[in-house]
Structures are given as structure tokens and as C-alpha cells.
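Note that the protein sequences, when read in sequence, are chains L and X. Numbering-wise (the numbering used here), the first sequence opens with residue 285 and increments by one. Numbering-wise (the numbering used here), the second sequence opens with residue 1461 and increments by one.
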Amino acid sequence: MSDQANEIRETIFSTLRAALPQDRPLSDSTHIIEDLGLDSVAVMDFVMEIEDKLDITVPLDKIAEVVTLGDLIATVQRLKQAA
Amino acid sequence: MALLDKYAPVAEQYRQLELAGANPFNVTFDEVLSPTEALIAGRKTLLLGTNNYLGLTYDPAVVEAAVAATRAAGTGTTGSRIANGSYGGHKRLEAALAEFYGRRHGLVFSTGYQANLGIISALAGKGDHLLLDADSHASIYDGSRLGYAQVTRFRHNSPDDLANRLRRLADEPGDKVIIVEGIYSMLGDTAPLREFAAVKREYGAYLVVDEAHSLGVLGETGRGLAEREGVEADVDFIVGTFSKSLGGVGGFCVTDMEGADILRVVSRPYMFTASLPPGVIAATEAALHELRAQPELQARLNANALRLYRGLEALGFALGPEPSPVVSAIMPSPEAAFGFWAALLEAGLYTNVSLPPATPKGLALLRSSVSAAHTPAQIDRAVALFAEVGQALGLLAGAPGLAAAR
Ligand SMILES: Cc1ncc(COP(=O)(O)O)c(C=O)c1O
Chain L
285 MSDQANEIRE TIFSTLRAAL PQDRPLSDST HIIEDLGLDS VAVMDFVMEI
335 EDKLDITVPL DKIAEVVTLG DLIATVQRLK QAA
Chain X
1461 MALLDKYAPV AEQYRQLELA GANPFNVTFD EVLSPTEALI AGRKTLLLGT
1511 NNYLGLTYDP AVVEAAVAAT RAAGTGTTGS RIANGSYGGH KRLEAALAEF
1561 YGRRHGLVFS TGYQANLGII SALAGKGDHL LLDADSHASI YDGSRLGYAQ
1611 VTRFRHNSPD DLANRLRRLA DEPGDKVIIV EGIYSMLGDT APLREFAAVK
1661 REYGAYLVVD EAHSLGVLGE TGRGLAEREG VEADVDFIVG TFSKSLGGVG
1711 GFCVTDMEGA DILRVVSRPY MFTASLPPGV IAATEAALHE LRAQPELQAR
1761 LNANALRLYR GLEALGFALG PEPSPVVSAI MPSPEAAFGF WAALLEAGLY
1811 TNVSLPPATP KGLALLRSSV SAAHTPAQID RAVALFAEVG QALGLLAGAP
1861 GLAAAR
């Protein structure tokens, strides 16, 4: 696993911990909607935080494809490399 | 596993509301008496959740226009304007809207929802970019999924965040189209349109403003927020609806854009649906006429809005950030919103419940909308009922402040 992926994972997990009302175990296989109980707008709000921290844009159709935190890390990594 | 099992959690919540005998999502008006009163469950009820901003639904001239057009041209058009032809009324209404806004083109759609679908999907296609305010109405989000453009969401009412996102997209090819609303339907707040217009100019983007809740409400002649802020020249497309201030149903777009008529044959939500019936078209044209002929309606509406906002504010409710005809009280939880709503209805006052994800920031809202047709006494009665119910439910002092809820 590259340093960049680890860094992105750390950013995503810490942002999520700050946004969630309760502490929940987080891993690459965590389902964002089913396991974390976020609705569609809450997911978009959370991705917005990530966008600002990493100075990238995650288009909504890319968010729609994301199911697990691992998917999100991979998507963000691809966008970061393309930027 | 049955087809609809995926909705089991929502179905259970819905069932609980039905069991409690108070489901805000399943209300029937047994009889509508006026723009401000109806019979609900046999009880005469004061309506404070209708979006009937100017109270024109019973205006004699509007009703007469609908009746006369129905007698003359029939109940429906039985087809789409592209496949089955336009009626004279469609053209006249489009001309009247264009003239009202001082624009070259007017297009009428069958609903406000479809106007957003039709305009947004047609303006931005594959390779283009849509930039949506985070608190956009569902029809704007849905329109953005219909047209294959890349969609970026910016922070609600933040020109800086919009500029930041346009900066990131600066080297990407494709047109950039920004969409904001005049008055946001959930909290009643307005967009900082002058700042958005400046960002639009800086980055060479296009600007669409949905004036669904601001037509007839803002601006010297009632054209909406763009008029009030003096930035109409920067707004490339105005979208709106006939279903609120104009008291009917339908949607529209006006623009000065060269060649805009081509939208009629590239916009699927314009083409592939039946056009509005003659009665609706004639009523809308008459309502637009009344809106212009009676500026006192806007003045009365805004006085009522301020009266309700100040009244609820004085009781200690956490409200949206500015007075507007949409007045939403922020509730500590969906359960509190349901309980408050049901108790108000029981006491003879009809309001709305709005919940996430339709609301911003996960807020549970008890939403009211004011009409020019309300008397000050009706507004005062509504405030008194909020006080009574809030007291009884212990939700007066306990409601969290807007800042805290965010
Ligand atoms: C901002 C906004 N745009 C569009 C619409 C859709 O309008 P209509 O209900 O007339 O289809 C609404 C309201 O429903 C709205 O609040």
C-alpha cells in the first residue's frame, strides 16, 4: 500500500470520525450507507470535507459509484493523481 | 425477498406514523374553503403550509380565465407540443413571461420539476460541468443526472467555495453552468446573488437561477431575487414554477440566449410529455397579470412573513437565517417535528414537516409558508398556537439554536 493511499485513508477516517455521532469501527470494507447509517446528503457533505482537505473535486457520479470506504479511497487516489 | 422489501425501514417508519394517526405525508383536505382555510378530518383548519404565496387560487379573474379557456378549448391538449402541436395559449403565455422578464425567449414546461430537468439536462451535456449549490432542490439534482455532464456540488451560499471549485476545473474543457435558487425552499434563505454573479463573470461560466419561491415575492416588480439584487443581466437563464405564487401548475424558463428555441427539440422533459391544458395556461396568464396589477399582494405577503418570523422568533424558536414567506422552525429531532406537527393540526393549524435528506445538515423542520391572503389576525392565531403547543410539549425553551443544530 502506497504512502499516498495511507495518507488518504487517514484523512478520510479522521474526517468521518469527526462527522459521525457515535464511534464506529472503520475499515476499507465498511459500507458507507449500510454500516454508517448516512443518507445521500450526509455522504455528499462528508465527501465535500475530503475535497477541501485534499484540494480535489469528486464529481457526483463518482460518489454514486462508491459503496465501501475502500472504494472511496481508490476513487480519491485516482482523482488526486490526475490533478 | 419481495420487490419492495428494500424499502422495509422506510415502510416501518411510515407505518408508525399511520398508527399514531398523524402522518404529515398523507394528509387529505376534505374540502378547501379558501387560500387559507380547509376542512381536515372534519375540522376547519388554518392553512400555513401551502406555498400559495399571493393567494391567487381563488382570484375571480384567474378562475374565470380557467373556466372560459376550458369551455373554449377543452380540458386537455392530449399530447406534446412537438408531436401534437401547440395551442395559442401556450404561445401567449410564453410571450407574456418573456415580456414580464424583459427577455427574448420564454419556454413553458408541464411542471416546475420538469422545467429544471429539461433546462439543466439540455444546457450541460457530456464533457460539460454543472456546479450545484449543496442545498439545491431535488429537481435540480435529478436534472443533473439526466444530462451526462460532470456534476460538482459547492457549499451552500458560498461564492468562495464556488470560485474554488471553478478554479480546480479551470483547465478542463467544456462549458460550466452554475445553478442556484432565489429563495431556498427549506429554510427560506436567499442566495448571495451579486457575489455569485461576480464569480460567474470571473470564470466565464453560465448562471441559472431557479426563482420557484421568489417569483412574486422579491424584486420591485416581483421578478425575483435577480431583480432585487440588480443582477438580471448576469443571469443567463431564469427557471420557475406556476405552482406557488401563480397558484396553478407548470414551469417555465426565460432567457436572452441566442438560439434558445432549439431547446424545444433537444430537451426530453419538454418533448416527451403532454403540454399543459388550456385552463391551466389561461389561469396562469391571468395570475401573472394579477401579480403585476396588484403589487400590494407582494407587500402584504412580506408583511405577513415578517409578522410570523418575528412572532416565532420572540417565542424562542430557532428559525432560518432571514425572514421570508418560508418560515421553518428547527426541531431537535424528527420525532419532535412529528409530535409538534400533529399537535398543531389537532389544534386547527396545518404546517409541513421536512426531514433529511430533503433538508440541509440533517435538520428536522416544522415548515410554514405564508400567503398574502392571510389576515394579520390569522398569523397571530398561528403564533399563539405555536406558543400553546410548544409550551405543552416542552419545546419552547428547549429547541436548540440554529448554530447548535448545525
Ligand atoms: C426550488 C424549487 N424548484 C422547483 C420546484 C418544482 O416545482 P413544481 O412543484 O411546480 O414542479 C420546487 C418545488 O416543488 C422548488 O422548491
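Note that the Cβ used here is the ideal one computed from N, Cα and C, for glycine as well. Because the structure is a prediction, the values reported are computed rather than measured.
query                                                                                                                                                                 : result
Run through DSSP, which three-state label would Thr341 (chain L) get?                                                                                                 : coil
Leaving out five residues before and five after Phe1798 (chain X) in sequence, what residues of the same chain have Cβ atoms less than 8 angstroms from its Cβ?       : Leu1477, Ala1480, Ala1482, Pro1484, Val1813
Using a Cβ cut-off of 7 angstroms, pull out every chain L residue sitting near Gln1476 (chain X), in sequence order please.                                           : None at all; the shortest Cβ gap to chain L is about 18 angstroms.
How about Gly1572 (chain X): is its Cβ closer than 7 angstroms to a heavy atom in ligand 1?                                                                           : yes
Between Asp1595 (chain X) and ligand 3, is the CB less than 7 angstroms from at least one heavy atom?                                                                 : In the structure on display, ligand 3 does not appear, and the ligands it does have are ligand 1.
Mind checking if Thr299 (chain L) is an interface residue toward chain X, Cβ cutoff 8 angstroms exclusive?                                                            : no
Flag this pair as yes or no: are the beta carbons of Val351 (chain L) and Ile316 (chain L) separated by less than 8 angstroms?                                        : yes
Nearest chain X C-beta to Asp323 (chain L) closer than 8 angstroms, yes or no?                                                                                        : yes
Can you look up Lys346 (chain L) in the DSSP assignment and give me helix, strand or coil?                                                                            : helix
Just to confirm the assignment: which complete beta strand (DSSP E) runs, minimum length 3, are found wholly within the stretch 1500–1547 of chain X?                 : 1503–1507
Taking Val1611 (chain X) as the query, report the chain L residues whose CB atoms sit under 7 angstroms from its CB, ordered along the chain.                         : Pro343, Leu344, Asp345
Quick one: which chain L residues come within Cβ less than 8 angstroms of Pro1816 (chain X)?                                                                          : Asp323, Val325, Ala326
Go ahead and pull the three-state DSSP assignment for Arg308 (chain L).                                                                                               : coil
At the level of alpha carbons, what is the spacing between Gly1534 (chain X) and Lys1586 (chain X)?                                                                   : 41 angstroms
List the residues of chain L whose Cβ lies closer than 7 angstroms to the Cβ of Gly1418 (chain X), in chain order.                                                    : In the structure as shown, chain X starts at 1461 and stops at 1866, and residue 1418 (chain X) therefore has no counterpart that could be examined.
Just checking Ser1703 (chain X) against ligand 1 - is the residue's beta carbon closer than 7 angstroms to any of the ligand's heavy atoms?                           : yes
Start and end of the beta strand (DSSP E) containing Ile1456 (chain X)?                                                                                               : Nothing about residue 1456 (chain X) can be read from this structure; chain X reaches only from 1461 to 1866.
Taking Leu1736 (chain X) as the reference, give the member of X:Ser1831, X:Arg1760, X:Gly1710 with the closest Cα.                                                    : X:Gly1710
Can you tell me where the beta strand (DSSP E) with His1589 (chain X) in it begins and where it stops?                                                                : 1589–1593
Quick one, which of X:Gly1648, X:Leu1804, X:Asn1576, X:Leu1577 has its alpha-carbon nearest Met1843 (chain X)'s?                                                      : Residue 1843 (chain X) is actually Val in this sequence, not Met. Out of X:Gly1648, X:Leu1804, X:Asn1576, X:Leu1577, X:Leu1804 has the C-alpha closest to the C-alpha of Val1843 (chain X).
Listing by chain order, which chain L residues have their CB less than 8 angstroms from the CB of Arg1615 (chain X)?                                                  : Met332
Taking Asn1404 (chain X) as the reference, give the member of X:Arg1767, X:Thr1819, X:Ala1802 with the closest Cα.                                                    : The displayed coordinates of chain X run from 1461 to 1866. Any statement about residue 1404 (chain X) would go beyond what the structure contains.
Which residues in the same chain have their Cβ closer than 8 angstroms to the Cβ of Leu1862 (chain X), if we skip the five residues on either side of it in sequence? : Only weak support exists for where Leu1862 (chain X) lies, its pLDDT of 38 falling under 50; the coordinates are left without a value.
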